[in-house]
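Student: Going line by line, the protein sequences match chains A and B. The first sequence begins at 1 in full-length UniProt numbering and counts up one residue at a time. The second sequence begins at 1 in full-length UniProt numbering and counts up one residue at a time. Mind having a look at this structure? Questions to follow.
Number of protein chains: 2
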Amino acid sequence: MDEPALDEDGLIARVFAPLATAAGADALGDDAATFLAGSEDIVVTSDALAAGVHFFADDPPEAIAAKALRVNLSDLAAKGAEPFAYLLALALGEGWSASWAERFAASLRSDHARYGVTLLGGDTLRASPGGGTTIAITALGRVPHGRIVRRRSARPGEIITVTGTIGDAALGLLCRLGTDGAPFGLDAENVAALREAYLWPDPPVEAWRAVQRHAMAAMDVSDGLVGDLRKLCRTAAIGARIEADSVPLSPAVRAAVENHPAAFDKALTGGDDYQILATLRPSKVEAYMAELAELGLSATVIGEIVETPGLSIRRRGVPIDITDGRFQHF
Amino acid sequence: MDEPALDEDGLIARVFAPLATAAGADALGDDAATFLAGSEDIVVTSDALAAGVHFFADDPPEAIAAKALRVNLSDLAAKGAEPFAYLLALALGEGWSASWAERFAASLRSDHARYGVTLLGGDTLRASPGGGTTIAITALGRVPHGRIVRRRSARPGEIITVTGTIGDAALGLLCRLGTDGAPFGLDAENVAALREAYLWPDPPVEAWRAVQRHAMAAMDVSDGLVGDLRKLCRTAAIGARIEADSVPLSPAVRAAVENHPAAFDKALTGGDDYQILATLRPSKVEAYMAELAELGLSATVIGEIVETPGLSIRRRGVPIDITDGRFQHF
């Protein structure tokens with residue numbers, strides 16, 4: 001008898017969530033967990049990247065290190081937590097060299113200064129024979145007790161915002177692979193900008209305080225805006241209504257979409273954005289945006305939380321649907 | 001120009017230690033780090049296991065899970081920290097199945113009850129193509145502020161003790177591989193006991209409180225008693241004098257050594273013991289052992305800390321040396 005297939009979400013929900021009995025683990029329904037320590041909560045998250053899955057083995061070690069650390073800091077920021085430290089488990093694939101490791105470490109060091117974090121410990125090991133380098137980072141942040149910003153706390157009537165721009169990394173990956181119409185008739189400068197966005201995620205980590213102060217619910221967009229918003233809806237048992245044309249796009253993505261309309265679907269469903277999706281009471285939106293602006297960051301209103309479960313997307317007033325990562329127009 | 005070769009210790013000391021600027025990271029010179037949270041210290045450690053490196057891909061998933069968790073709890077206990085939670089980054093090699101994952105998770109769950117820990121979060125991902133399953137666990141424990149038991153705090157005049165017995169797992173691995181004289185002329189029962197010791201490490205996690213109350217310095221023995229004791233000497237800038245015949249051996253290891261004297265070297269230099277090496281003021285030894293005995297655990301005096309740097313080993317009164325994992329008799 002064949003076993004039922006399990007994807008990552010099924011594996012987590014069915015197999016591992018029953019092990020997460022602490023209240024702060026939120027039954028693994030969020031990107032980070034908390035535990036009480038003194039009068040504050042420590043927020044912990046752990047994300048791993050594998051060569052050939054999350055990065056290319058021949059990516060610059062500086063970019064691999066930055067991605068490995070930043071995807072974790074992104075989770076903390078989206079939970080309203082101030083990052084302060086991390087642990088690194090580095091499984092080195094065959095052919096690594098001292099200079100590779102030194103470049104990897106130098107990149108981490110430069111992110112220490114930028115994000116106010118430091119290396120607390122970890123492990124170095126040989127990767128499984130035949131396999132490439134795998135990097136697991138556990139990042140630690142702090143929030144006042146009870147102040148973590150969860151996914152499940154979104155409520156009808158709240159405004160949905162997203163920081164930065166969406167789709168750059170997804171289109172950058174396609175440019176790298178040369179598939180799905182990439183490079184979308186773009187000039188070299190735009191192609192370079194998109195590839196850079198894939199290689200060097202730049203999450204708005206500094207937004208943690210604004211998120212903590214103003215957001216009712218939040219998560220980082222790592223698996224694609226549409227899919228992640230669906231997850232938020234499921235977790236919070238609410239619905240979301242978004243206006244696709246409100247989704248903030250960079251000039252490069254905008255140009256790609258003009259040349260190849262299907263690139264729009266990829267932008268909204270692709271991954272690796274590492275932007276913060278947050279829901280806010282209407283009265284809080286202005287203050288949230290003002291605080292972000294002080295940090296040189298931006299957020300855009302893209303829709304609202306509604307009672308009817310599920311994600312409803314409109315484009316120029318017309319409802320559209322997305323299946324298998326592509327928009328289906330009714 | 002060839003790059004200088006870097007082993008794990010070199011990589012940590014030269015490349016990563018400069019990143020560990022927090023005092024609680026102890027410049028990566030220990031098995032765990034601390035950070036202050038409220039009035040207590042949180043102790044964190046992260047150890048990863050890779051298929052084909054730290055376990056066999058066809059080991060029972062229950063044993064793989066237990067090893068992955070327990071090697072981390074072992075580090076916490078040796079630091080005098082009470083474990084309470086962990087995060088799991090699980091990179092699944094090709095051919096994993098839902099039932100494999102369920103057996104893996106069931107084993108973790110049974111260790112939850114035994115050790116008082118719970119899963120806080122983590123990540124599941126596909127392993128790097130061609131590579132096997134890799135498991136990175138970050139474990140969390142607590143100690144009163146400033147009470148972590150370090151390696152570097154060992155001082156001359158202290159008594160060196162080790163819990164349990166030494167060498168079972170190392171000889172068990174050799175029995176599995178059928179090399180170096182294994183199975184050492186042992187009967188099936190003894191072979192099974194040694195193989196079991198390799199497959200299912202059983203660290204004295206409950207000893208954390210006795211270590212915290214009595215030990216001046218401690219570490220878990222994971223890379224071989226001799227090598228780990230040398231590390232402790234280097235870190236603390238002291239020396240150790242041990243009597244090899246005092247090292248506690250199980251009946252199976254004793255029988256192996258009787259049949260194949262060279263098995264003694266393997267027992268003292270092999271890895272995977274996950275016992276606690278602790279140094280104590282002479283006045284504390286009795287109380288330490290009494291507390292362990294109440295938990296059904298044991299510790300044995302194997303030597304003392306001295307001022308002269310380096311490890312000096314005597315056997316039946318005669319100094320011996322160990323090079324490349326083998327004793328050299330003068």
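Note that CB positions come from ideal geometry on N, CA and C, so glycine has one too.
1. According to the Cβ coordinates, are Val306 (chain B) and Ile159 (chain B) closer than 7 angstroms?
2. Extract the residue ranges of the alpha helix (DSSP H) inside the region 230-284 of chain B, only unbroken runs of 4 or more that lie entirely within it.
3. How would you list, in chain order, the residues of chain A whose beta-carbon sits under 7 angstroms from the beta-carbon of Thr138 (chain B)?
4. Go ahead and label Arg70 (chain B) buried or exposed: buried means 16 or more other beta carbons lie within 10 angstroms of its beta carbon, across all protein chains shown.
5. Listing by chain order, which chain A residues have their CB less than 9 angstroms from the CB of Glu82 (chain B)?
6. Under a Cβ-count criterion, where at least 16 other Cβ atoms within 10 Å of its own Cβ denotes burial, should Asn259 (chain A) be classed as buried or exposed?
7. Would you check whether the ligand NAD has a heavy atom nearer than 6 angstroms to the C-beta of Gln275 (chain B)?
8. My understanding is that Ala91 (chain A) touches Ala50 (chain B), with C-beta atoms under 8 angstroms, so please give their C-beta distance in whole angstroms.
9. Looking at the structure shown, is Leu36 (chain A) part of a helix, part of a strand, or coil, going by DSSP?
10. Please return the same chain residues whose Cβ sits closer than 8 angstroms to the Cβ of Pro60 (chain A), not counting the five positions on each side in sequence.
11. Comparing alpha-carbon positions, which option in B:Leu277, B:Ala236 and B:Ala20 lies nearest Pro248 (chain B)?
12. Along the chain, which unbroken stretches of the beta strand (DSSP E) at least 3 residues long are found entirely within the UniProt domain "PurM-like N-terminal" (29-143) of chain A?
13. Would you say Pro129 (chain B) lies against chain A (beta-carbon separation less than 7 angstroms)?
14. Quick one: grab the DSSP three-state call for Leu311 (chain B).
15. Contact criterion: CB-CB distance below 7 angstroms. Does Asp123 (chain B) meet it with respect to chain A?
16. Shorter than 7 angstroms from the beta carbon of Gly296 (chain B) to some beta carbon of chain A?
17. Output needed for Asp2 (chain B): all residues of its chain with C-beta closer than 6 angstroms, excluding positions within five of it in sequence on either side, in chain order.
18. Return the chain-ordered list of same chain residues with a C-beta closer than 8 angstroms to the C-beta of Arg209 (chain B), the five sequence neighbours on each side being excluded.
19. Between which two residues does the beta strand (DSSP E) containing Asp220 (chain A) stretch?
20. Give the residues from the UniProt domain "PurM-like C-terminal" (155-313) of chain A that approach chain B closer than 9 angstroms (Cβ to any Cβ), ordered along the chain.
21. Between which two residues does the alpha helix (DSSP H) holding Gly172 (chain A) run?
22. Is the region 295-305 of chain B touching the region 138-151 of chain B, taking contact as three or more C-beta pairs under 8 angstroms?
23. Which class does Gly303 (chain A) belong to by DSSP, given the choice of helix, strand or coil?
24. So what's Pro319 (chain A) in DSSP terms, helix, strand or just coil?
25. Just checking: is the beta-carbon of Gly52 (chain B) within a distance shorter than 7 angstroms of some beta-carbon in chain A?
26. In chain B, which residues lie less than 8 angstroms from Ala126 (chain A) when you measure between Cβ atoms?
27. Is Ile12 (chain A) helix, strand or coil when you go by DSSP?
28. Using the C-alpha atoms, what's the distance from Leu229 (chain B) back to Ala127 (chain A)?
29. So, with DSSP's three-state summary, where would you put Glu206 (chain A)?
30. Buried or exposed for Gly178 (chain B), going by 16 or more other Cβ atoms inside 10 Å?
31. Inspect the beta-carbon positions of Asp180 (chain A) and Leu174 (chain A) and report whether they are closer than 7 angstroms.
32. If you draw a straight line from the alpha carbon of Gly157 (chain B) to that of Ala252 (chain B), how long is it in whole angstroms?
33. Restricting to Cα atoms, I'd like to know which of B:Ala106, B:Ala136 and B:Arg281 is closest to Leu125 (chain A).
34. Counting along the chain, where does the beta strand (DSSP E) carrying Val191 (chain B) start and finish?
35. Distance, Cα to Cα, Pro18 (chain A) vs Leu108 (chain B)?
Tutor: Reading it off the structure:
1. no
2. Segments of the alpha helix (DSSP H) lying fully in the region 230-284 of chain B: 251-259 and 262-269.
3. Ser46, Leu87 and Thr138
4. It is buried - the Cβ of Arg70 (chain B) has at least 16 other Cβ atoms within 10 Å.
5. Listed by position along chain A, the residues whose Cβ is nearer than 9 angstroms to that of Glu82 (chain B) form an empty set, because the closest Cβ is around 13 angstroms away.
6. exposed
7. The ligand NAD is not among the ligands present in this structure, which contains no ligands whatsoever.
8. Indeed, because the Cβ distance is near 6 angstroms, the residues count as touching under 8 angstroms.
9. It is a strand residue.
10. Arg103 and Leu199
11. Residue B:Leu277 is the option with its Cα nearest to Pro248 (chain B).
12. 33-37, 40-50, 82-92 and 118-126
13. yes
14. strand
15. yes
16. False, the Cβ-Cβ gap to chain A never drops below 7 angstroms.
17. With a pLDDT of 47 at Asp2 (chain B), under the threshold of 50, the modelled position of this residue cannot be trusted; read the value that follows with caution. Nothing listed; no residue qualifies.
18. Gly80, Glu82 and Glu291
19. Ala217 to Val221 is the span of the beta strand (DSSP E), which, as asked, contains Asp220 (chain A).
20. none
21. Asp168 to Leu177
22. no
23. strand
24. strand
25. yes
26. Residue identity check: residue 126 (chain A) is Arg in the sequence provided, not Ala. The answer, in chain order, is Ala50 and Val53.
27. helix
28. Cα to Cα, Ala127 (chain A) sits roughly 26 angstroms from Leu229 (chain B).
29. helix
30. Its Cβ having fewer than 16 others within 10 Å, Gly178 (chain B) is exposed.
31. Cβ distance < 7 angstroms, so Asp180 (chain A) and Leu174 (chain A) count as in contact.
32. C-alpha separation (whole angstroms): 33 angstroms.
33. B:Ala136
34. No beta strand (DSSP E) contains Val191 (chain B), which is instead part of the alpha helix (DSSP H) from Ala188 to Leu199.
35. 11 angstroms
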